[in-house]
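A quick write-up on the structure given underneath.
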Amino acid sequence: MRDTLGDASHRLDGAGCASARVDAEFLLAYVLGTTRSSVLVDRDRTLPDDVLARLEELVVRRERREPLAYVIGEWGFRRLTLKVDSRVLIPRPETEVVVERCLALLSELDEPRVLDVGTGSGAIALAIADEHPGARVTGADASVDALAVARGNARDANLGVEFVPCDLFAGLPAGPWDLVVSNPPYVRPDEIDLLEPEVRDWEPRAALVGDGAAEAVARGARAVLEERGALVLEVADGDAERVSGLLLKLGYVGVAVTQDLAGRDRIVEGATTFAGTVLPE
Ligand SMILES: C[S@@+](CC[C@H](N)C(=O)[O-])C[C@H]1O[C@@H](n2cnc3c(N)ncnc32)[C@H](O)[C@@H]1O
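So, in structure tokens, the structure goes:
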């Protein structure tokens, strides 16, 4: 197994994968149906041919820079393991902090109504339902393919989240919601070519590219939020100050920024003192 791991890692490194050795260990663990740490403990074991053949298929996929999460078909997010494929964005660690802020803001409410706009795999919606069992959560997305993935994840996790199609707030139940959360697309069209191939060539374009989506969600949320409701947005690195200013301009109060695990300003929140007000354009 030592040679097999070394060979896979060498090939992935040659293909430009950033963490080739770790990826090779994950792929082998996946094929063996075990954990990465068990693979490391058992390095002198001889691998049967069917395992080697299956590993070869996965290494070839990863060599093409298909994201590790798509190759193994699942990804961890907070306490959940979510199925993911090229229909949905792979949930990121910073989005786990988004969920943390939502849970903190909902902690005093027994049965809050929560809306996740642009739910993708359902990561945020499902994690909130999992960790705040009284919450009544709706996840919404413009992509029917993403909604199919999210519904599958809800079934697997046995969580009663409703998933509905929408275009931003169009097509959604009127609320009022206690919390609107969103990780909207925020890559500018001129930035897409600068991204790693795993993102640029494999993740859904509609989940990545969006200009002005944070503003559209913040504006739309005003009309559907409960008085004393809250809005939580994940924003692009370097955009927190601008989005905070936007929320203040739209009349949100208690506007605050939270850093992600890498210390970057990535989450902006605000509270409402109004209910169901639509701002003029
Ligand atoms: C950055 S991804 C976030 C996915 C997931 N919430 C997460 O954090 O992993 C943005 C999502 O917004 C969806 N989306 C893009 N435009 C939309 C729109 N106009 N209305 C609703 N959803 C939209 C995309 O399909 C995608 O699933």
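Just so you know, the sequence shown maps onto residues 1 to 281 in my numbering. Glycine included, every Cβ here is placed at the ideal spot set by N, Cα and C.
Query                                                                                        : Result
According to DSSP, residues forming a beta bridge with Thr258                                : Ile267
Cβ pair Trp177, Val224 closer than 8 Å                                                       : yes
DSSP state of Arg151 mapped onto helix, strand, coil                                         : helix
CA-to-CA distance, Gly251 to Thr272, given in whole angstroms                                : 7 Å
Buried versus exposed, by CB contacts within 10 Å (16 or more), Thr46                        : exposed
Straight-line Cα distance separating Pro185 from Asp265                                      : 17 Å
Whole-angstrom distance between Pro48 and Val257, CA atom to CA atom                         : 52 Å
Beta strand (DSSP E) runs wholly inside the stretch 102-136, at least 3 long, in chain order : 113-117
Val164, DSSP secondary structure in three states                                             : strand
CA nearest to the CA of Leu5, picked from Ala15, Asp44 and Lys83                             : Asp44
Cα-Cα separation between Arg188 and Ala142, rounded to whole angstroms                       : 19 Å
Whole-angstrom distance between Leu80 and Val149, CA atom to CA atom                         : 14 Å
Nearest candidate by alpha-carbon position, reference Gly245, set Asp237, Ala236 and Val255  : Val255
Pairwise C-alpha distance: Glu203 and Val285                                                 : With the chain represented from 1 up to 281, any question about residue 285 goes unanswered, as that position is not in the structure.
Proximity test, Cys17 beta-carbon vs ligand 1 heavy atom, cut-off 7 Å                        : no
Presumed contact (8 Å Cβ cut-off) between Leu32 and Val51, rounded CB distance               : 6 Å
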